[in-house]
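Remarks on the structure that follows.
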Amino acid sequence: MTLPVAASVGATSSAAATAAPTPAPADPMPILNGIRVLLVDDEPDAREVMASALEICGATVHSVASARAALDLLATDEVDLVLADIAMPGQDGYELIREIRAMPSARVSAIPAAAVTAHARDDERERALAAGFQMHLAKPVQPATLARAVATLASEKGTPCSN
Numbered sequence: 062m063t064l065p066v067a068a069s070v071g072a073t074s075s076a077a078a079t080a081a082p083t084p085a086p087a088d089p090m091p092i093l094n095g096i097r098v099l100l101v102d103d104e105p106d107a108r109e110v111m112a113s114a115l116e117i118c119g120a121t122v123h124s125v126a127s128a129r130a131a132l133d134l135l136a137t138d139e140v141d142l143v144l145a146d147i148a149m150p151g152q153d154g155y156e157l158i159r160e161i162r163a164m165p166s167a168r169v170s171a172i173p174a175a176a177v178t179a180h181a182r183d184d185e186r187e188r189a190l191a192a193g194f195q196m197h198l199a200k201p202v203q204p205a206t207l208a209r210a211v212a213t214l215a216s217e218k219g220t221p222c223s224n
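In the numbering used here, the protein residues as written are 62 to 224.
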């Protein structure tokens, strides 16, 4: 293995003189303070990764492993938006969003929602949107992409992200 040797102070090298400029920093993650997210995914690792990414941005995340648990939580707690996996055992994400949209409470039935799923084909995206999701995110989703999606959904509901 060969390692570069640092140039001494005051010396210049042609490599240093022609080095590419430092890239600009990536877009910052949005601040999600005050946003309450219901995250529904049967895979514990996926829930943990997504919840951590959103919590770092300031969101409050309620994570559940099933559509039934999500519906139970929606009956008692107020959230600003739902992120749901599609392929879950028992009741899948399509059934979950249909039940949410059919609820008598406008607070729940109109809640913004995104499908976060490994089903990434165009026809799956169209199916998710037709079922009642406002957005479709393909797994694995980058933390910044997830956070921006949450900020977008929250703004559609009229819930501002506070600083």
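Beta carbons: idealized from backbone N, C-alpha and C, even for Gly.
What residue range is occupied by the uninterrupted beta strand (DSSP E) comprising A208?
That residue, A208, is in no beta strand (DSSP E); its alpha helix (DSSP H) goes 204-218.
Three CB pairs or more closer than 8 Å across the segment 136-155 and the segment 209-219:
The segment 136-155 is in contact with the segment 209-219.
With 16 other CB atoms within 10 Å as the buried threshold, where does Q203 fall?
By the neighbour-count rule (16 or more Cβ atoms within 10 Å), Q203 is not buried but exposed.
Proximity test, Cβ basis, 7 Å: V110 and chain B:
Any reference to chain B falls outside this structure, which holds one protein chain only.
Within 8 Å, do at least three Cβ pairs link the segment 163-170 to the segment 179-192?
No, the segment 179-192 is not in contact with the segment 163-170.
What's the gap between the Cα of I158 and the Cα of A175?
Each residue's CA atom was taken as its position, placing I158 and A175 some 9 Å apart.
Between H197 and the rest of its own chain, which residues show a CB-CB distance below 6 Å, the 5 nearest in sequence each way excluded?
The residues are A176, R186, A189.
Residue closest to R162, alpha-carbon to alpha-carbon, out of A114, R97, F194, V101:
Closest by alpha carbon: F194.
Please tell me whether M111 and L93 are closer than 7 Å, where the distance is taken between their beta carbons.
In this structure, the beta-carbon distance from M111 to L93 does not fall below 7 Å.
Is the CB-CB distance between V122 and V98 below 7 Å?
Contact flag set, yes.
Using CA coordinates, which residue listed in E104, H180, I117, S216 is at the minimum distance from A205?
Selected option, being the one with the closest Cα: I117.
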